[in-house]
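Student:
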Amino acid sequence: MSKVINILSFDVQDRLKNGESVTIIDVREPEEVAQVRIPGVKHIRLSELQSRQNEIDPEKETIFVCRSGNRSAMACEYLMGQGYRNVKNLMGGMSGWNGHVEKN
1 MSKVINILSF
11 DVQDRLKNGE
21 SVTIIDVREP
31 EEVAQVRIPG
41 VKHIRLSELQ
51 SRQNEIDPEK
61 ETIFVCRSGN
71 RSAMACEYLM
81 GQGYRNVKNL
91 MGGMSGWNGH
101 VEKN
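What follows is the structure, given as structure tokens:
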């Protein structure tokens, strides 16, 4: 199996600042997402990924995020096993994110 590709928080933030269209999917639980989230992310919790993977374009780069990077890496591994080649894991997850956030 291919190795999960990690992407650094500042790389994602630079791309967002430059106006690039970046697809980010948050795989945390709803109560975690309700506390703090990156604006504009799509929420598909890890336990729903298999049943909702059709919502993810296999041709488009997609970055996955969770609290620390473990669950999002699992999401990448699963999708790579399903033939997705353009998935990346946000290294450090929300714990390492120092960009703009929305809070409740």
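Per UniProt numbering, residue 1 is the first one in the sequence shown, and the count goes up by one each step. Quick reminder that beta carbons are idealized off the backbone N, C-alpha and C, glycines included.
(1) Using the Cα positions of K17 and D11, report the straight-line distance between them to the nearest angstrom.
(2) If you measure between the beta carbons of I25 and I5, is that distance less than 8 Å?
(3) On the DSSP bridge assignment, give the partners of L90 in chain order.
(4) For a quick check, are the C-beta atoms of S51 and S95 less than 8 Å apart?
(5) Rounded to the nearest angstrom, how far is the Cβ of I38 from that of M91, given a contact under 8 Å?
Tutor: Let me spell this out:
(1) 10 Å
(2) no
(3) I7
(4) no
(5) That pair is no contact at about 14 Å.
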